[in-house]
Amino acid sequence: MTAYEFAFLLLLALLVASALAAVLVRGYITSIIVLSVFSVLMAVVFAFLQAVDVAMAEAVIGAGFMTAVFVTAIAKTRRNT
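Take the sequence shown: its letter number 20 is residue 19 in numbering that gives the first Met the number 0, and every next letter is one higher.
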């Protein structure tokens, strides 16, 4: 097994672990943070697969924009209750 294959398998294991953690954690903010980590890991997977344009889109949209949308939505719903 080459170092590239080992790094890719380790990355996939971290991806599965972060996906499970995003579903299993209790707090909303914690879940959003773990989902952001998942998006960053997914961007790294795309970069490993030499799809750099898709990796950049995933990093910007998944980790950046969607995290901000989720945090804003939770902040606005907590104020109204």
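We put the beta carbon where it would ideally sit given N, CA and C, even for glycine.
My output table needs one value for Thr1: the three-state DSSP class, helix, strand or coil. Collapsing the DSSP output to three states places Thr1 in coil.
Integer Cβ distance of Glu57 from Phe69, believed to fall under 8 Å: Incorrect: roughly 16 Å between the Cβ atoms, too far for contact.
Contact defined as beta carbons within less than 8 Å: I believe Ala21 pairs with Val39. What is the distance between those atoms, to the nearest angstrom? Contact flag wrong, Cβ pair sits at about 12 Å.
On the DSSP letters alone, give me the boundaries of the alpha helix (DSSP H) that Leu40 sits inside. In this chain, the alpha helix (DSSP H) harbouring Leu40 covers 27 to 47.
In three-state DSSP terms, what is Val70? In this structure, Val70 counts as helix in the three-state DSSP scheme.
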